[in-house]
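Notes to accompany the following structure.
Residue numbers (this note's numbering): 5 to 158.
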């Protein structure tokens with residue numbers, strides 16, 4: 005599993021990298037009430053949540069997405085995207101969509117489940133018990149994250 009994104013360092017990037025390197029210590033899994041104070045959450049199909057507690061540097065946005073690693077991949081998605089590391093790719097794409105405020109259905113035609121080469125942020129995908137969890141951070145410009153020239157909100 006590719007653990008983290010690559011990209012040039014500079015500015016707040018070392019702090020972002022440190023957050024991602026220590027991701028396990030910033031994640032908590034529990035009920036909605038258990039993680040209500042998280043900075044961001046991902047809801048699971050069993051009504052539990054994964055919460056992120058690492059404070060991003062000023063001017064950066066953070067998102068998280070999680071899925072159960074052993075859940076069945078829906079047949080239409082498996083046919084379209086393949087099954088190799090599907091949930092890793094899915095959670096990363098979900099994170100980028102959250103950062104860009106773009107629905108997954110709008111993301112697929114241009115990017116599939118890939119991270120755009122010009123993505124301005126950093127990400128990490130990891131296993132947390134039975135879960136695949138992706139965390140992504142991106143610099144914000146104004147009120148919206150500045151992801152990449154190829155990614156624009158719908």
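Every residue, glycine too, gets a C-beta built ideally from N, C-alpha and C.
Buried versus exposed, by CB contacts within 10 Å (16 or more), residue i
i, result
"residue 149", "Reliability fails at residue 149, whose pLDDT of 48 lies under 50, so the model's placement of it is uncertain and the value that follows must be treated cautiously. Buried, because 16 or more other Cβ atoms sit within 10 Å of the Cβ of residue 149."
"residue 82", "exposed"
"residue 87", "exposed"
"residue 49", "exposed"
"residue 6", "Note that residue 6 has pLDDT 44, beneath the 50 cutoff, so the model's placement of it is unreliable and no number is given."
"residue 143", "buried"
First through last residue of the beta strand (DSSP E) which encompasses residue i
i, result
"residue 131", "126–132"
"residue 28", "Not the beta strand (DSSP E): residue 28 falls in the alpha helix (DSSP H), residues 27–30."
"residue 42", "Residue 42 -> no beta strand (DSSP E), and no H or E assigned at all."
"residue 54", "52–56"
Chain-order list of residues whose beta-carbon lies under 7 angstroms from that of residue i (same chain, five-residue window excluded)
i, result
"residue 44", "56, 66, 67 and 68"
"residue 30", "23, 56, 57 and 58"
"residue 134", "72, 73 and 74"
Terminal residues of the alpha helix (DSSP H) in which residue i lies
i, result
"residue 89", "Careful: residue 89 lies outside any alpha helix (DSSP H) and carries neither H nor E."
"residue 70", "Unbroken run through residue 70 is the beta strand (DSSP E), 64–72; no alpha helix (DSSP H)."
"residue 109", "108–115"
Contact under 8 angstroms by Cβ, residue i with residue j
i, j, result
"residue 128", "residue 139", "yes"
"residue 70", "residue 137", "yes"
"residue 117", "residue 94", "yes"
"residue 52", "residue 33", "yes"
Other residues of its chain near residue i: CB distance less than 6 angstroms, five sequence neighbours each side excluded
i, result
"residue 141", "20, 60, 64, 66, 125 and 126"
For residue i, the nearest candidate out of the options (CA to CA)
i, options, result
"residue 114", "72, 90, 32 and 97", "97"
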